[in-house]
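Residue numbers (numbering that gives the first Met the number 0), protein chains in the order written: chain L, 0 to 213; chain S, 0 to 175. Taking it in order: structure first as structure tokens, then the write-up.
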Amino acid sequence: MEYVELQGLVVVLIGTFNPAIFNPDWLANQGVITPAQFAVGDLTFEVNTSSFALHVLAEPFVRAADIVADLFKDKLAHTPITALGINYVAHFRVENWKQQTALGRALTPLEPWGTWAGEFQGDSIESVGGLVSLTMQMSTPKDREAGNVKVTVQPSNRVVPAGSGVFVQVNDHYETAKGAENTNFPEICLSQITPSLERSRAIVTQLSNLARSF
Amino acid sequence: MASLPLYDRVTQNGQAGRQISSEWNDQREDAAPDSAVNFASAVLASATSRGTNKTAPIKYNSFTTKSTTAEIRNTVQQGEGLVHSSSGTAFTARLRDLTNPGRSEEIAEIAMDGIDPSDVARVKPGAVFHLIVGYTRRNGAQRLETFTYFRRHLPSGQAVANEIVDLLDMLEGDAD
Chain L
0 MEYVELQGLV VVLIGTFNPA IFNPDWLANQ GVITPAQFAV GDLTFEVNTS
50 SFALHVLAEP FVRAADIVAD LFKDKLAHTP ITALGINYVA HFRVENWKQQ
100 TALGRALTPL EPWGTWAGEF QGDSIESVGG LVSLTMQMST PKDREAGNVK
150 VTVQPSNRVV PAGSGVFVQV NDHYETAKGA ENTNFPEICL SQITPSLERS
200 RAIVTQLSNL ARSF
Chain S
0 MASLPLYDRV TQNGQAGRQI SSEWNDQRED AAPDSAVNFA SAVLASATSR
50 GTNKTAPIKY NSFTTKSTTA EIRNTVQQGE GLVHSSSGTA FTARLRDLTN
100 PGRSEEIAEI AMDGIDPSDV ARVKPGAVFH LIVGYTRRNG AQRLETFTYF
150 RRHLPSGQAV ANEIVDLLDM LEGDAD
């Protein structure tokens, strides 16, 4: 995590929601958001009729689980929820565009692309070709009834100068197994947010160490 | 920050979070326009109301908490603590290193003035908190800081375990 320049957490719930409820006054009156949180300005709520997303832009990320529990375990306990995503995102710095490209080559070798990839070579970040986005999926994590873990790797568009960063998103996805009773997603969020964050950070560290070994 | 294409997120197998990368890793303004299909537009078009042929906007509520002075933190180390006892000025807690789970637990005494004033009332035996060490960035300067966050909710199993700890502490106090 040493080279992480920017990180965030987004908890997404899929279900049936009443967007009108989720306004700053209501959240403050219910004690979900404290005056200090308004002052710091590091939470973003996005709600429509079928999804709820809470972006946490700074540590402590674990408070996202408390807010989700406040809302959907207590205040709005009967909200139908069908899926939960604990999404960790991070941008880490590499030494230069050659290191960034080397990581891309390690994750997605050129050989399978044949002669077309022969034209990927370049002597600058603008001219070199290669990985734009890669997603790997763990399909059957043992810690849940149904869901998956997806990791997406892209060149960072936030770390400057261009070519000196890598973006990683870990989508830790939980859903109700077919034929199963209703799943208590706020409870899953409470119990899984810490292991999810640690797993995500371990993946970012692994990729960062690999990139810096080139 | 660009608005998140909510429509994308909810229309591809109900996956919770696939399109987040589009906001968290948006293209720089000088980047060439993306030639990929604009999925958001495609979904909006398919949400056209039957009979009227008018696009039915999907209403949503979106806001960010006020001000934009958020600190960016790079987490270096994180631990989970369980409060064992507290006095007016400090509390004792058992600490577990989440970043290096192989490390053995430690007992630490933490000064009350090191925690957020809004958390003071939560400092009691059985309370769980996170101890976070990370880099903060203000006005271009970076420094290493440690801060605590007391959990408002606990997973059911952990809450029961902590109630037992509470009870044992109470009995211990009675025995004294």
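Beta carbons: idealized from backbone N, C-alpha and C, even for Gly.
Three-state secondary structure (DSSP) at residue i?
| i | result |
| --- | --- |
| LEU206/L | helix |
| LYS97/L | helix |
| ASP142/L | coil |
| GLU79/S | strand |
| THR43/L | strand |
| PHE16/L | coil |
| LYS72/L | helix |
| GLY7/L | strand |
| ILE106/S | strand |
| VAL31/L | coil |
| PRO111/L | helix |
| THR78/L | coil |
| ASP96/S | strand |
| ARG137/S | strand |
| THR51/S | Its pLDDT being 32, under 50, THR51/S is placed unreliably in this model, and the value from its coordinates should be taken loosely. Looking at THR51/S - three-state DSSP - the assignment turns out to be coil, as it is neither helix nor strand. |
| GLU118/L | helix |
| PHE90/S | strand |
| ILE131/S | strand |
| VAL148/L | strand |
| LEU130/L | coil |
| GLU197/L | helix |
| ILE124/L | coil |
Quick check on the burial criterion: 16 or more other C-beta atoms within 10 angstroms. Buried or exposed for residue i?
| i | result |
| --- | --- |
| TRP23/S | buried |
| ARG142/S | exposed |
| PRO124/S | buried |
| VAL82/S | buried |
| GLU105/S | exposed |
| ASP24/L | exposed |
| LEU133/L | exposed |
| ALA35/S | For ALA35/S, the predicted structure reports a pLDDT of 40, less than 50, and the residue's modelled location is therefore unreliable. The matter cannot be settled from this model. |
| PRO18/L | buried |
| ARG102/S | exposed |
| PRO79/L | exposed |
| ALA52/L | buried |
| SER155/S | exposed |
| GLU174/L | buried |
| ALA76/L | exposed |
| VAL9/L | buried |
| ALA92/S | buried |
| GLY87/S | exposed |
List, in chain order, every chain L residue whose beta-carbon is nearer than 8 Å to that of residue i.
| i | result |
| --- | --- |
| GLU79/S | THR193 |
| LEU153/S | LEU189 |
Report all residues from its chain with a CB closer than 6 Å to the CB of residue i; omit the five preceding and five following residues, and keep chain order.
| i | result |
| --- | --- |
| THR145/S | VAL132 |
| GLN43/L | Sequence inspection shows Thr at residue 43/L; the Gln mentioned does not correspond to that position. Within the same chain, THR43/L has close Cβ partners HIS54. |
| GLN215/L | There is no way to answer for residue 215/L, as the model of chain L reaches only from 0 to 213. |
| GLY84/L | VAL11, ASN170, HIS172 |
| ALA178/S | For residue 178/S there is no data in the structure shown, the boundaries of chain S being 0 and 175. |
| ILE13/L | SER50, THR81, ALA82 |
| ALA57/L | ASP41 |
| SER155/L | HIS90, GLY164, VAL165, PHE166 |
Taking C-beta pairs closer than 7 Å, name the residues in chain S that residue i reaches, listed in chain order.
| i | result |
| --- | --- |
| PRO59/L | HIS129, ILE131, TYR148 |
| ALA68/L | HIS152 |
| ARG211/L | In chain order: nothing, as chain S lies at least about 15 Å away. |
| ARG92/L | Those within 7 Å of ARG92/L in chain S number zero; the least Cβ separation is about 10 Å. |
Short of 8 Å in beta carbon distance, which residues of its chain neighbour residue i, apart from the five on each side in sequence? Order them along the chain.
| i | result |
| --- | --- |
| TYR148/S | ASP115, ASP118, PHE128, HIS129, ILE131 |
| PHE213/L | LYS97, GLN98, ALA101, LEU102, ALA105 |
| ARG157/L | GLU4, LEU5, HIS90, GLY164, PHE166 |
| GLU94/L | SER163, ARG211 |
| ASN52/S | At ASN52/S the pLDDT is 31, less than 50, meaning the model places this residue with poor confidence; the figure from the coordinates comes in the next sentence. Closer than 8 Å at the Cβ level, and outside the excluded window around ASN52/S, lies no residue. |
| VAL127/L | TRP96, THR100, PHE119, GLN120, GLY121 |
| VAL131/L | GLN153, PRO154 |
Just to make sure I have the definition right: I need the residues of chain S whose C-beta is within less than 8 Å of the C-beta of residue i. Which are they?
| i | result |
| --- | --- |
| GLY7/L | TRP23 |
| GLU186/L | PRO154, SER155 |
| VAL3/L | ASN73, THR74 |
| ASP65/L | ARG150, ARG151, HIS152 |
| ARG143/L | Those within 8 Å of ARG143/L in chain S number zero; the least Cβ separation is about 13 Å. |
Sorted by chain position, which residues of the same chain lie with C-beta nearer than 7 Å to residue i's C-beta, five sequence neighbours on each side aside?
| i | result |
| --- | --- |
| PHE21/L | PHE44, VAL46 |
| ALA126/S | VAL82, PHE149 |
| LEU26/L | ILE32 |
| LEU97/S | GLN77, GLY78, GLU79 |
Please list, in chain order, the chain L residues whose beta carbon lies closer than 7 Å to that of residue i.
| i | result |
| --- | --- |
| GLU97/S | Rather than Glu, the amino acid found at residue 97/S in this sequence is Leu. Here the neighbours are THR193, GLU197. |
Taking C-beta pairs closer than 9 Å, name the residues in chain S that residue i reaches, listed in chain order.
| i | result |
| --- | --- |
| LYS72/L | HIS152 |
| THR33/L | SER117 |
| GLN218/L | Nothing can be reported for residue 218/L: it is not among the residues displayed for chain L, which extend from 0 to 213. |
Please compile the residues from chain L whose C-beta is within a distance smaller than 9 Å of the C-beta of residue i.
| i | result |
| --- | --- |
| ASN138/S | The contacting residues do not exist; ASN138/S stays about 16 Å from chain L at best. |
Within 7 Å of any Cβ in chain A, is that where the Cβ of residue i sits?
| i | result |
| --- | --- |
| GLN136/L | Protein chains L and S are contained in the structure displayed, whereas chain A is not. |
**Q.** Segment contact flag, the region 184-195 of chain L with the region 113-128 of chain L, C-beta cutoff 8 Å, min 3 pairs
**A.** Using a C-beta cut-off of 8 Å, the region 184-195 of chain L makes no contact with the region 113-128 of chain L, since fewer than three inter-stretch Cβ pairs fall below that distance.
Q. When the Cβ atoms of the region 188-206 of chain L are set against those of the region 62-79 of chain L, are three or more pairs found closer than 8 Å?
A. yes
Q) Just checking, does the region 190-202 of chain L make contact with the region 59-69 of chain L on the three C-beta pairs under 8 Å criterion? A) Three or more Cβ pairs closer than 8 Å define a contact, and the region 190-202 of chain L meets that threshold against the region 59-69 of chain L.
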